[in-house]
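**Q** Residue numbers (mature numbering (1 follows the signal peptide of the UniProt record, and there is no 0)): -31 to -1, 1 to 511. C-beta atoms are modelled at their ideal positions from N, C-alpha and C, and glycine is treated no differently. Every value quoted in this text rests on a predicted model; they were computed, and no experiment measured them.
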């Protein structure tokens, strides 16, 4: 989540790790002819139906992958001790059913959850902080309840940027205290690792969710987004990120920041997988009634799978916004690939409307001029208190308690290295007063006169940008986004194409993104890694 950007912040130092050009993954599950690497939900379900694979075999495979890769990637905080039992139950249900009825796309599929999505089980929900270790939620988050009802297996909790990057400017993307202690000389302790390029930013805050999917440590995952936290790590780790319209998925039971901007969505290797997950988690929730009542009107009869069309580009009007989002790309490989992709869109039947401008884009992208900062700091203080008060038990019950915990546990929380100036700034707020409400109205006005005006005046089905620096444009208005892998720069770092739309435009975005994905097939699995554990002084605790 982008709340305040410190332009002087540099990439963290990393410990000396050697990434070999090729060390073949173990592709098959022991005792099964099924190859799991890069397998889609549809392929896994077909393997289930053909008795080539069981859910228990699949879970065991992912647990082995986590054990193998997590000491380097640091993307998983906990594995669910009940995952194999859940998988076994799914296998039993499948055996009893014997094909009589369709059990659902996610039945028996392992899902990794960002460590801010509440689960009423043996897993912690901590937002990466030791302050919430041992806390107990009253019930599953609504999206988790829906996943369980769909037959999914909860595999564990993914790492993230602690407190969604709302603790300190100095904390690198993907760092959290629970990922390991960062207190010695250059190591990856506490930092997740981009699986493609060692020095590359993994982005955040749903970094663990994206990395785990990219490295085939899980089938699919859930992330959360307030501003960029799904689409940015998806972009940087060469996977698909789907940020739903705010309210399309319930936020109940998820650690909050902003009711205006928070949303929960899938991070997967393919657009189709993301859509299968989206279908499972959308819907009205009385515990988040205001947002989900409005957004429920957007949910199409028959769900979202019907929009997975290979000819989805045909007749679509796609607006290209270059300025200022191309400014951060100075790699000729990226630019030439981008221009090639635009031609692919044209060949697929899309009408390209190029060189569009979003009015007042400079104000929108400046969190101080737009007022986003002052509103979100106030919202965070209010909503985190409400979340903490609803917990059955918790070491902390307010933002002030979190700040005190950090001060009292400086080694656990690496306070000498990172600090907590953003938490302190939030604590100094006094609710949503006149200044904050004025800023809310300004952001609404900026959205209406900027992004919405551009979309409507040009009759667009989707906006397209290179990369995800557009996230704030979509965040302040609660708009949906879908990012798809688009290639790799000259150093091997992934980049994506981001499609954005007005509220409820997920069907159009899915059609365009799926057709683009199928026409380009740009994603490649990361190369395998040399895991000499003797060189890794800090291992994530599973």
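(1) How many angstroms separate the CA atom of residue 408 from the CA atom of residue 216?
(2) DSSP puts residue 463 in a beta bridge; with which residues?
(3) Could you give the DSSP three-state label for residue 177: helix, strand or coil?
(4) For residue 116, report the span of its alpha helix (DSSP H) as first-last.
(5) Taking the continuous alpha helix (DSSP H) assigned at residue 332, which residues delimit it?
(6) What is the DSSP secondary structure of residue 29, reduced to helix, strand or coil?
(7) Could you check what DSSP says for residue 208 in three-state terms: helix, strand or coil?
(8) Could you tell me if residue 212 is buried or exposed, where buried requires 16 or more neighbouring beta carbons within 10 angstroms of its beta carbon?
(9) Would you report the Cα separation of residue 330 and residue 38, rounded to the nearest angstrom?
(10) Would you mind stating whether residue 481 and residue 281 have Cβ atoms separated by less than 7 angstroms?
(11) Measuring only the C-alpha atoms, how far is residue 570 from residue 42?
(12) How is the alpha helix (DSSP H) around residue 306 delimited, first residue to last?
(13) Whose C-beta lies closer than 6 angstroms to the C-beta of residue 243 among residues of the same chain, with five residues either side of it excluded?
(14) If you reduce the DSSP assignment to three classes, tell me which class residue 221 lands in.
(15) I'd like to know whether the C-beta atoms of residue 313 and residue 488 end up nearer to each other than 7 angstroms.
(16) Could you tell me which residues DSSP puts in a beta bridge with residue 286?
(17) Would residue 434 pass as a contact of residue 290 if the rule is Cβ separation under 7 angstroms?
(18) Less than 7 angstroms between C-beta atoms, sequence neighbours within five positions excluded: which residues of the same chain meet that for residue 292?
(19) Once DSSP output is grouped into helix, strand and coil, what is the label at residue 193?
(20) Please go through the same chain and pick out, in chain order, the residues whose beta-carbon is closer than 6 angstroms to the beta-carbon of residue -16, but skip the five residues on each side of it.
(21) Can you tell me whether DSSP reads residue -8 as helix, strand or coil?
(22) Assuming residue 249 and residue 116 are in contact, meaning their beta carbons sit under 8 angstroms apart, how far apart are those beta carbons, in whole angstroms?
(23) Buried or exposed: where does residue 276 fall if 16 or more other Cβ atoms within 10 Å of its Cβ makes it buried?
(24) Am I right that residue 340 and residue 412 are in contact with their C-beta atoms under 8 angstroms? What's the rounded C-beta distance?
(25) Can you give the Cα-Cα distance for residue 88 and residue 319, rounded to whole angstroms?
(26) By Cβ distance below 6 angstroms, which residues in the same chain neighbour residue 429 in space, the five residues on each side in sequence not counted?
(27) Whole angstroms are fine: how far does the CA of residue 98 sit from the CA of residue 378?
(28) Quick check on residue 442: does DSSP put it in helix, strand or coil?
(29) Which stretch, first to last residue, makes up the beta strand (DSSP E) that contains residue 166?
(30) According to DSSP, is residue 468 part of a helix, a strand, or is it coil?
(31) Would you report the Cα separation of residue 176 and residue 338, rounded to the nearest angstrom?
(32) Would you report the Cα separation of residue 163 and residue 403, rounded to the nearest angstrom?
(33) May I have the straight-line CA-CA distance separating residue 192 from residue 85, to the nearest angstrom?
(34) In the DSSP assignment, find the unbroken beta strand (DSSP E) run with residue 48 in it and report its ends.
(35) Over the uninterrupted alpha helix (DSSP H) stretch that includes residue 246, give me the two end residues.
(36) Measuring alpha carbon to alpha carbon, tell me which of 219, 225, 279 ends up nearest residue 263.
**A** Well, looking at it:
(1) The C-alpha of residue 216 is placed about 21 angstroms away from the C-alpha of residue 408.
(2) Note: residue 463 sits in a beta bridge opposite 457.
(3) Helix, per DSSP.
(4) Per DSSP, the continuous alpha helix (DSSP H) segment holding residue 116 begins and ends at 111 to 118.
(5) In the DSSP annotation of this structure, the continuous segment of the alpha helix (DSSP H) that includes residue 332 starts and ends at 330 to 333.
(6) Helix at residue 29.
(7) Residue 208 falls in the coil class under three-state DSSP.
(8) With 16 or more other Cβ atoms within 10 Å, it is buried.
(9) Whole-angstrom Cα-Cα distance: 41 angstroms.
(10) Closer than 7 angstroms, so yes.
(11) Residue coverage of the chain in this structure runs from -31 to 511, which leaves residue 570 outside it and unanswerable.
(12) Counting along the chain, the unbroken alpha helix (DSSP H) around residue 306 starts and ends at 301 to 316.
(13) Excluding sequence positions up to five before and after residue 243, its CB lies within less than 6 angstroms of the CB of 209, 211, 235, 237, all in the same chain and listed in chain order.
(14) In the structure shown, residue 221 sits in coil (DSSP, three-state: anything other than H, G, I, E or B).
(15) Going by C-beta atoms, residue 313 is nearer than 7 angstroms to residue 488.
(16) Answer is 320.
(17) A contact, by the Cβ cut-off of 7 angstroms.
(18) Non-local C-beta neighbours of residue 292 in its own chain, meaning closer than 7 angstroms and more than five positions away in sequence, comprise 326, ordered along the chain.
(19) In the displayed model, residue 193 falls within a strand according to three-state DSSP.
(20) Any reading at residue -16 must be qualified, since the residue scores a pLDDT of 32, below 50, and its modelled position is unreliable; the value itself is stated next. The answer is none, since no qualifying residue turns up.
(21) Interpretation of residue -8 is limited by its pLDDT of 33, a score under 50 that renders its predicted location unreliable; no figure is taken from the coordinates.
(22) At roughly 6 angstroms, the Cβ-Cβ gap stays under 8 angstroms, so residue 249 and residue 116 are in contact.
(23) Per the 10 Å Cβ criterion, buried.
(24) Contact between residue 340 and residue 412 holds: CB atoms are separated by about 6 angstroms, below the 8 angstroms threshold.
(25) Straight across, the Cα-Cα distance linking residue 88 with residue 319 is about 42 angstroms.
(26) Excluding residues up to 5 positions away in sequence, 286, 288 lie with their Cβ nearer than 6 angstroms to the Cβ of residue 429 in the same chain.
(27) Annotation: residue 378 to residue 98 spans about 11 angstroms, alpha carbon to alpha carbon.
(28) Residue state, collapsed to three classes: helix.
(29) From DSSP, residue 166 is part of no beta strand (DSSP E); its letter is neither H nor E.
(30) Annotated three-state conformation of residue 468 is strand, per DSSP.
(31) Straight-line spacing of the CA atoms in residue 176 and residue 338 works out to 28 angstroms.
(32) Distance between the alpha carbons of residue 163 and residue 403 is about 42 angstroms.
(33) Between the alpha carbons of residue 192 and residue 85 lies a distance of about 9 angstroms.
(34) Annotation: the continuous beta strand (DSSP E) that includes residue 48 extends over 45 to 48.
(35) Unbroken alpha helix (DSSP H) run through residue 246: 240 to 250.
(36) Comparing Cα-Cα distances from residue 263 to each of 219, 225, 279, the minimum goes to 219.
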